[in-house]
Amino acid sequence: MTVMTRDAPEALLREASETINPSPAPGAQSEAKAKTKSLVIIAESGDLEKTWATTILASTAAASGMEVSIFFTFWGFFPLVRPEKRITGQVWMQKMLSLMNRPGIDHLKLSRLNFMGLGPWMMKRLARKHGVASPGELLAMAQAMGVKLLPCQMSMDMLGFTPEDLIDGLEEPVGAATVLEMIASGTPALFI
Amino acid sequence: MTVMTRDAPEALLREASETINPSPAPGAQSEAKAKTKSLVIIAESGDLEKTWATTILASTAAASGMEVSIFFTFWGFFPLVRPEKRITGQVWMQKMLSLMNRPGIDHLKLSRLNFMGLGPWMMKRLARKHGVASPGELLAMAQAMGVKLLPCQMSMDMLGFTPEDLIDGLEEPVGAATVLEMIASGTPALFI
Amino acid sequence: MTVMTRDAPEALLREASETINPSPAPGAQSEAKAKTKSLVIIAESGDLEKTWATTILASTAAASGMEVSIFFTFWGFFPLVRPEKRITGQVWMQKMLSLMNRPGIDHLKLSRLNFMGLGPWMMKRLARKHGVASPGELLAMAQAMGVKLLPCQMSMDMLGFTPEDLIDGLEEPVGAATVLEMIASGTPALFI
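Protein chains in written order, with the working numbering: chain A, 1 to 192; chain B, 193 to 384; chain C, 385 to 576.
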């Protein structure tokens, strides 16, 4: 089963790569490189299904050679917390938020049919059975393929996360202006 | 009343067409055709109001001559099921999901103020009174105007839908790579 | 504290401005003006956190010189109602909707952890402590910087809002076709 979830995404990504870059003509390499396609995802919701969409799109795009960035903000910031971290925050309001809204990409809730975790458990079982990797596995794959993970500075301050709370390999925290700069220079953006 | 809901969208779409393509100069036809505008909507949520937004944007864009595709995925996949289908899925987990989250575009729930169906009933009454077609009517219009409806292959597998479960006139199921290819070649995308 | 929330956004916006328009070369002014960057946000959800995202992105983009429009529709329309207005609508269904879903940008609910208003109260306290302006303050700033606020005509009709219900300084109500026209002519769009 583990083998299945490992293999399937690779097949998916190989297919993605072939679809988006179909047989580049010889000599076209340098030109293709010059105008590398890019994508930025604003991950705001942090629901299980939305985080799945974010990580599937990001890893598939990266596999096809696109330059991908994800900006993690508000509820969408919580998946960046290390799974073993239970409570985060400096003041009681921040601690209570992390208590009520458990951080970590392995603990996400569905926006509907959550049923105290039964919904997510069923979705993850169905996913595994059909060779779809979990959001956590997809995020790791995305990182390995060069997707840039940008934590939102404002969310980090407001919600009281420290760098020690967060998974490895993140970029420096940035603000909305950084995302808008990408959009202004032609990078397509999805708000998820 | 039925007349009203039939007439009104047509007026809306005629207006849309005039707004987006204002009086094309003679001879500009071929040039306009060469760079036809396009749009792709990733329909992920499946709420009544979000599905309304998707179908209004898609039909209005198509009426104005844009090439529109909708990619139906996750909760957004359920509106593609035939309204008369009550239970879908092969295994008990998939059946239970369709039992708890009734499929079909006539059975969508509001993301807030649903109140066991009272909210959607009120919204649909208000819509009819003001000449706004239902999501189902708008989707049929969109199809008639050439909007391409793309079912997500992964959602179909995971949630256990069969081709017989689905409404007529859909394209072949595709993956996220197909949508990303559109984005990479300059098609604006909305994640709804 | 008021000083804090007033100062901080200004600092944010100044930074934004510098990031997006880094040291324009002399003589490049006219060229830059010719291709002013633009952005349109479709504000559909009306949750506290989504309205925050909308107003932060809009005001930051405007501060950097982008031409920004926000199209307020469905639940996203409610923040345009004057805060002192309690009940809106002409018929009982519309009145009931405004009763259950209190309009006005100072009365928004979180999509999760709302807890009868405790969640929003905590979020706003944390925001103030960290120098983040409220959605209402950010919207006023956005207006002052020239962001165009477009009410959705269809939402206004369906939900029974009158011009007297709404805050000052809005554009004339428009339809989805206006937003699609912007997208068709190259304006990047975010659906929030």
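We treat Cβ as the ideally placed atom computed from N, Cα and C, and that holds for glycine.
Notebook entry, point to check: For Pro463 (chain C) versus Thr444 (chain C), is the C-beta spacing smaller than 8 Å?
Noted result: By 1-based counting over the third sequence, the position of residue 463 (chain C) is 79. By 1-based counting over the third sequence, the position of residue 444 (chain C) is 60. It is not a contact, given that the beta carbons lie outside the stated cut-off.
Notebook entry, point to check: Is the beta carbon of Val40 (chain A) sitting closer than 8 Å to the one on Phe161 (chain A)?
Noted result: On the first sequence, position 40 is the one that residue 40 (chain A) refers to. On the first sequence, position 161 is the one that residue 161 (chain A) refers to. No, the Cβ-Cβ distance between Val40 (chain A) and Phe161 (chain A) is not below 8 Å.
Checklist line | Residue range of the alpha helix (DSSP H) that includes Ser290 (chain B) | finding: What you label residue 290 (chain B) is simply residue 98 of the second sequence in a count that begins at 1. First-last of the alpha helix (DSSP H) with Ser290 (chain B): 284 to 292.
Notebook entry, point to check: Relative to the C-alpha of Val147 (chain A), which residue among A:Ser69, A:Glu137, A:Gly136, A:Glu164 is closest?
Noted result: Locating residue 147 (chain A) in the first sequence gives position 147, counting from the first residue. Cα-wise, what sits closest to Val147 (chain A) is A:Ser69.
Margin query: Please state whether the Cβ-Cβ distance between Leu110 (chain A) and Pro120 (chain A) is less than 8 Å.
Written below: Stepping through the first sequence from its first residue, residue 110 (chain A) is reached at position 110. Stepping through the first sequence from its first residue, residue 120 (chain A) is reached at position 120. Between Leu110 (chain A) and Pro120 (chain A), the CB-CB gap stays under 8 Å.
Next item on the list: Please report the residue range of the alpha helix (DSSP H) in which Lys50 (chain A) lies.
Entry: Here residue 50 (chain A) is taken as the residue at index 50 of the first sequence, counted from 1. 48 to 63 is the extent of the alpha helix (DSSP H) around Lys50 (chain A).
Next item on the list: Take Met348 (chain B) as the anchor and find which of B:Ser377, B:Thr265, B:Pro327 has the nearest alpha-carbon.
Entry: Here residue 348 (chain B) is taken as the residue at index 156 of the second sequence, counted from 1. Ranking B:Ser377, B:Thr265, B:Pro327 by CA distance to the CA of Met348 (chain B) puts B:Thr265 first.
Notebook entry, point to check: Skipping 5 residues on each side, what residues in its chain have a beta carbon closer than 7 Å to that of Leu99 (chain A)?
Noted result: Looking up residue 99 (chain A) in the first sequence gives position 99. So the qualifying residues of the chain are Ile87.
Next item on the list: Indicate whether at least one CB of chain B lies closer than 8 Å to the CB of Ile567 (chain C).
Entry: If you number the third sequence from 1, residue 567 (chain C) lands on position 183. Yes, contact with chain B.
Margin query: If the criterion is Cβ atoms closer than 8 Å, does the pair Val174 (chain A) and Gln143 (chain A) meet it?
Written below: Translated into positions along the first sequence, residue 174 (chain A) becomes position 174. Translated into positions along the first sequence, residue 143 (chain A) becomes position 143. It is not a contact, given that the beta carbons lie outside the stated cut-off.
Notebook entry, point to check: Comparing alpha-carbon positions, which option in A:Leu159, A:Arg128, A:His107 lies nearest Val516 (chain C)?
Noted result: Looking up residue 516 (chain C) in the third sequence gives position 132. Measuring from the Cα of Val516 (chain C), the nearest candidate turns out to be A:Leu159.
Notebook entry, point to check: What does DSSP give as the partner residues of Lys148 (chain A) in its beta bridges?
Noted result: The residue given as residue 148 (chain A) occupies position 148 in the first sequence. By DSSP's assignment, Lys148 (chain A) forms a beta bridge with A:Ser69.
Notebook entry, point to check: Assuming Ile375 (chain B) and Gly328 (chain B) make a contact with CB atoms under 8 Å, what is their CB distance in whole Å?
Noted result: The residue you call residue 375 (chain B) lines up with position 183 of the second sequence. The residue you call residue 328 (chain B) lines up with position 136 of the second sequence. Going by Cβ atoms, the distance from Ile375 (chain B) to Gly328 (chain B) rounds to 28 Å, so no, they are not a contact pair.
Margin query: Are the CB atoms of Gly473 (chain C) and Gly430 (chain C) within a distance shorter than 8 Å?
Written below: Numbered from 1 along the third sequence, position 46 holds the residue referred to as residue 430 (chain C). Numbered from 1 along the third sequence, position 89 holds the residue referred to as residue 473 (chain C). The answer is no: Cβ separation not under 8 Å.
Margin query: For a quick check, are the C-beta atoms of Asn101 (chain A) and Leu497 (chain C) less than 8 Å apart?
Written below: Here residue 101 (chain A) refers to the residue found at position 101 of the first sequence. Here residue 497 (chain C) refers to the residue found at position 113 of the third sequence. For Asn101 (chain A) and Leu497 (chain C), yes; Cβs fall inside 8 Å.
Note to self: So Met285 (chain B) contacts chain A; which residues on that side make the cut at Cβ distance below 7 Å?
What the structure shows: As a first step, residue 285 (chain B) is located in the second sequence; it is residue number 93 there, counting from the start. Neighbours of Met285 (chain B) on chain A, chain order: Met122, Arg125, Leu126.
Notebook entry, point to check: Residue range of the beta strand (DSSP E) that Ala573 (chain C) falls in?
Noted result: As a first step, residue 573 (chain C) must be located in the third sequence, where it is residue number 189. Counting along the chain, the unbroken beta strand (DSSP E) around Ala573 (chain C) starts and ends at 573 to 575.
Checklist line | Where the beta strand (DSSP E) containing Ser230 (chain B) begins and where it ends | finding: As a first step, residue 230 (chain B) is located in the second sequence; it is residue number 38 there, counting from the start. First-last of the beta strand (DSSP E) with Ser230 (chain B): 230 to 235.
Margin query: Going by the DSSP bridge assignment, what does Val174 (chain A) pair with across the sheet?
Written below: Stepping through the first sequence from its first residue, residue 174 (chain A) is reached at position 174. Val174 (chain A) pairs with A:Cys152.
Item checked: Alpha-carbon to alpha-carbon, Phe575 (chain C) and Met507 (chain C) -> Taking the third sequence and counting its residues from 1, the one referred to as residue 507 (chain C) is at position 123. Taking the third sequence and counting its residues from 1, the one referred to as residue 575 (chain C) is at position 191. Within the model, the alpha-carbon separation for Met507 (chain C) versus Phe575 (chain C) is close to 23 Å.
Margin query: Within 8 Å of any Cβ in chain A, is that where the Cβ of Asn298 (chain B) sits?
Written below: Here residue 298 (chain B) corresponds to residue number 106 of the second sequence, with the count starting at 1. Strictly speaking, residue 298 (chain B) in this sequence is Asp, with Asn absent from that position. For Asp298 (chain B), the answer is no, since every Cβ of chain A falls outside 8 Å of its Cβ.
Notebook entry, point to check: Helix or strand or just coil, what does DSSP make of Leu358 (chain B)?
Noted result: Your numbering for residue 358 (chain B) matches position 166 in the second sequence. Note: Leu358 (chain B) maps to strand in three-state DSSP.
Margin query: For a test of your reading of the model: does the CB of Pro547 (chain C) fall under 7 Å from any non-hydrogen atom of the ligand FAD? Yes or no.
Written below: With respect to the ligand FAD, the structure shown offers nothing to examine, as it has no ligands at all.
Next item on the list: Go ahead and label Val371 (chain B) buried or exposed: buried means 16 or more other beta carbons lie within 10 angstroms of its beta carbon, across all protein chains shown.
Entry: If you number the second sequence from 1, residue 371 (chain B) lands on position 179. The residue is buried, with at least 16 neighbouring Cβ atoms inside 10 Å.
Next item on the list: From the DSSP output, in three-state form, read off Val273 (chain B) for me.
Entry: Here residue 273 (chain B) is taken as the residue at index 81 of the second sequence, counted from 1. Strand at Val273 (chain B).
Item checked: Proximal chain A residues relative to Leu372 (chain B), where beta-carbon distance stays under 8 Å -> The residue given as residue 372 (chain B) occupies position 180 in the second sequence. Those are Ala16, Ile20, Leu39, Leu57, Thr60, Ala61, Ser64, Met66, listed as they occur along chain A.
Note to self: Any beta carbon of chain A sitting closer than 8 Å to that of Ile576 (chain C)?
What the structure shows: Position 192 of the third sequence, counted from the first residue, corresponds to residue 576 (chain C). It does; some Cβ of chain A falls within 8 Å.
Notebook entry, point to check: For His299 (chain B), which of helix, strand or coil comes out of DSSP?
Noted result: The count along the second sequence starts at 1 and reaches residue 299 (chain B) at position 107. Helix.
Item checked: Member of B:Glu356, B:Leu318, B:Val283, B:Ser326 whose CA lies at the smallest distance from the CA of Leu300 (chain B) -> Here residue 300 (chain B) corresponds to residue number 108 of the second sequence, with the count starting at 1. Checking every option, the nearest Cα to that of Leu300 (chain B) belongs to B:Ser326.
Next item on the list: Could you confirm whether any beta carbon from chain C is found closer than 8 Å to the beta carbon of Phe74 (chain A)?
Entry: By one-based count along the first sequence, residue 74 (chain A) stands at place 74. Closer than 8 Å: yes.
Margin query: Using a Cβ-Cβ distance cut-off of 8 Å, determine whether Arg496 (chain C) contacts chain B.
Written below: Within the third sequence, numbered from 1, the residue matching residue 496 (chain C) stands at position 112. Taking Cβ atoms only, chain B never reaches closer than 8 Å to Arg496 (chain C), which makes this a no.
Next item on the list: Please name the residues in the region 534 to 550 of chain C whose beta-carbon is closer than 9 Å to at least one beta-carbon of chain B, in chain order.
Entry: If you check each beta-carbon in the region 534 to 550 of chain C against every beta-carbon of chain B, the ones closer than 9 Å belong to Met538, Asp541, Met542, Leu543, Gly544.
Check: Closest Cβ-Cβ distance between Glu236 (chain B) and chain A: below 8 Å?
Finding: Numbered from its first residue, the second sequence carries residue 236 (chain B) at position 44. It does: the Cβ of Glu236 (chain B) has a partner Cβ on chain A nearer than 8 Å.
Next item on the list: Express the C-alpha separation of Pro380 (chain B) and Pro408 (chain C) in angstroms, rounding to a whole number.
Entry: Here the question's residue 408 (chain C) lines up with position 24 in the third sequence. Here the question's residue 380 (chain B) lines up with position 188 in the second sequence. Any answer about Pro408 (chain C) is weak, because its pLDDT of 46 lies below 50 and its placement is not dependable; what the coordinates show is given next. Near 28 Å, if we compare the C-alpha coordinates of Pro380 (chain B) and Pro408 (chain C).
Margin query: Beta-carbon within less than 7 Å of Ala446 (chain C)'s beta-carbon, same chain only, minus the 5 sequence neighbours each way: which residues are those?
Written below: The sequence position of residue 446 (chain C) within the third sequence is 62, counting from 1. Setting aside the 5 residues that flank it on each side, Ala446 (chain C) is surrounded in the same chain by Val452, Ala526, Met529, Gly530, Val531, each with a C-beta closer than 7 Å to its C-beta; the list follows chain order.
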